[in-house]
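Positions in the sequence shown are counted from 1; adding 1219 to them yields the numbering used here.
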Amino acid sequence: MDGMLSQDEINALLNGMQDGGSSDIGSSDTPADDAGGSAPAGSSADQSLLTDIEKDAIGEVANISMGSSATTLYSLVNRKVNITTPVVTLATWDEIIREYEKPCVFIKIKYTEGLEGTNILILKETDVKIITDLMMGGDGTNTDGELGELHLSAICEAMNQMMGSSATSLSSMLGRMIDISPPEANLVDVETFGKGEDISSFLGGTFVRITFRMQIGDLVDSKIMQLYPIDFAKSLYDFFIDSQEPEVPPAPEPAPMAPPPMPAMDPGMGMGMGMPPQQPNIGMGMGMPMQQPNMGMGMAMAPQMQQPMMPNVNIQPASFSPFATDVNAMQSTENISLIKDVPLEVTVELGRTSKAISDILDFAPGTIVELDKIAGEPVDVLVNGKLVAKGEVVVIEENFGVRVTEIVE
């Protein structure tokens, strides 16, 4: 099925809900909580431990981080990867046992910088086999046999790169450096394994469950889960809210106040300061000197009217010598002998080819590797990895050599 319901199926579901019963029309592998944000029927988890706003924010963070992980997974398996919008609910270990396929692979990732907590990813055993087969160059159909150490090592490497790119997205989104430890993968049969705290302590109580639908080409179409401790989810929410708040620009510094204007020079003030009067003192003949009434004012204004003395500085225009026009003369003075003793690595390449990991693992004494060179074609001579010449292989006494036949421009 493509996951879409027809109009008849929708009407049948609505009629069943109005009658108080249930209907099996249009059922799929996706649980009821995947269609919305509410808890599944019969859930024993306390959904009030997280508000709806916190669930929406955590879902947004998971959506962005898993989007970058899907891009990384595409580069590993060379197949189109689609991961749908996540659904965030609270769950307990009993619900994981009841709802998820057995056995499954638990992948534990611990945050070592920027965040404190553990992130557990749950994948189906069949999905792990398909992903590892694609990573090794297969077509994704080699899923027979038991899940071994090779599968767990390969899925750990895939999750390391996926969650590494997810941590990079979180770093840019939250504005802080986020780093993780190498993942640990374990095959777990949840029905016989025991309690969840044997895997991680937070699985013994209520925790956050983020559900995705993952599609890889036409090979995988299943549900994956990401489990968070509640305190880790709340800290993630706090960092996300802080990163969304706009930064308040700093208050502009007050502009420096302009100095008060200098008072206009008054003839009387000049007389009070001992300056010669601009006009003859008419009052001198009457025995009443005119400068005495202004003497106190002139002395009081004198500090404001003092000007700093400017030092005598000799200022001259800058002069530059003209550029040399004879460039060839400058180049001719270079001495190439200064670098003649520098050692360089000379490599003769007979040819190249590319092989899948599965082919390389099959190598044994006597295996023939076909190269991309035609027999008798000149070999490449490389200096420090750069092609400089072509030549033919010769034998000098008991050693191989190369006779240069062409210099590559």
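Virtual Cβ for every residue (Gly too), placed ideally from N, Cα, C.
Alpha carbon of residue i to alpha carbon of residue j, nearest angstrom
i       : j       : result
Val1602 : Thr1586 : 30 Å
Cys1323 : Asp1408 : 6 Å
Ser1400 : Ser1573 : 32 Å
Lys1321 : Val1588 : 42 Å
Asp1265 : Gly1436 : 37 Å
Ser1419 : Tyr1447 : 11 Å
Asp1417 : Gly1604 : 52 Å
Phe1619 : Glu1611 : 10 Å
Ile1349 : Ala1608 : 45 Å
Pro1541 : Leu1557 : 30 Å
Glu1332 : Ile1449 : 18 Å
Glu1616 : Glu1628 : 31 Å
Ile1626 : Val1567 : 14 Å
Lys1592 : Leu1569 : 7 Å
Gly1415 : Ile1341 : 13 Å
Phe1426 : Thr1270 : 14 Å
Ala1373 : Ala1281 : 23 Å
Ile1272 : Arg1428 : 16 Å
Met1354 : Lys1559 : 47 Å
Thr1624 : Arg1298 : 45 Å
Glu1564 : Ser1294 : 34 Å
Ala1386 : Arg1317 : 31 Å
Met1444 : Asp1581 : 35 Å
Ser1390 : Gly1336 : 16 Å
Leu1422 : Lys1442 : 19 Å
Leu1455 : Trp1312 : 22 Å
Asp1578 : Pro1562 : 37 Å
Val1347 : Ala1594 : 43 Å
Thr1304 : Asp1275 : 11 Å
Ile1397 : Leu1371 : 25 Å
Tyr1330 : Asn1554 : 56 Å
Ala1583 : Gly1364 : 24 Å
Ala1537 : Asn1531 : 19 Å
Glu1279 : Ser1267 : 19 Å
Tyr1319 : Gly1424 : 18 Å
Contacts around residue i, its chain only, beta-carbon distance under 6 Å, and the 5 residues preceding and following it disregarded
i       : result
Leu1366 : Glu1344, Leu1406
Asn1338 : Ile1328
Val1613 : Gly1620, Arg1622
Asn1361 : Asp1352
Arg1395 : Gly1333
Ala1575 : Gly1356
Leu1438 : Ile1349, Gly1359
Gln1434 : Asn1301, Asp1440
Lys1571 : Here residue 1571 is Arg; the residue named in the question, Lys, does not match the sequence. Closer than 6 Å at Cβ, skipping near neighbours: Asp1591.
Contacts around residue i, its chain only, beta-carbon distance under 8 Å, and the 5 residues preceding and following it disregarded
i       : result
Leu1369 : Thr1351
Ser1388 : Ile1283, Ser1284, Gly1286, Ser1287
Ala1452 : Leu1269, Glu1273, Ile1277, Val1427
Pro1597 : Lys1609, Gly1610, Glu1611, Thr1624, Glu1625
Paired residues, beta bridge with residue i - DSSP
i       : result
Gln1266 : Per DSSP, none; premise fails for Gln1266.
Asn1405 : Phe1325
Phe1619 : Val1614
Ser1441 : Met1433
Ala1608 : Val1600, Ile1626
Ala1310 : Phe1426
Glu1564 : For Glu1564, which the question treats as bridged, DSSP gives no partner whatsoever.
Val1300 : Ile1435
Leu1446 : Ile1339, Arg1428
Proximity test, residue i beta-carbon vs the ligand FMN heavy atom, cut-off 7 Å
i       : result
Val1600 : With respect to the ligand FMN, the structure offers nothing, as it holds no ligand at all.
Inter-residue CB distance, residue i and residue j (contact presumed, cutoff 8 Å)
i       : j       : result
Phe1459 : Ile1302 : With a Cβ gap of about 19 Å, Phe1459 and Ile1302 do not count as contacting.
Ile1277 : Val1307 : 5 Å
Ile1326 : Ala1404 : 5 Å
Arg1289 : Val1296 : The identity of residue 1289 in the sequence shown is Ala, whereas the question assumes Arg. Their Cβ separation, rounded to whole angstroms, is 11 Å, which puts Ala1289 and Val1296 out of contact at 8 Å.
Leu1590 : Asp1599 : So it is not a contact: roughly 12 Å between Cβ atoms.
Spatial neighbours of residue i in its chain, beta-carbon cut-off 7 Å, leaving aside the 5 residues before and after
i       : result
Leu1393 : Phe1458, Phe1459, Ser1462
Ile1291 : First, the residue type needs correcting, since residue 1291 is Thr and not Ile in the sequence shown. The residues are Gln1380, Met1381, Ser1384.
Pro1163 : This structure cannot settle anything about residue 1163, because the visible part of the chain is limited to 1220 through 1628.
Ile1534 : none
Residue i at chain D interface by Cβ criterion, 8 Å
i       : result
Thr1304 : Reference to chain D is not applicable here, since this structure consists of a single protein chain.
Would you list, in sequence order, the uninterrupted alpha helix (DSSP H) runs of no fewer than 4 residues that lie entirely inside the region 1314-1401? 1344-1354, 1368-1393
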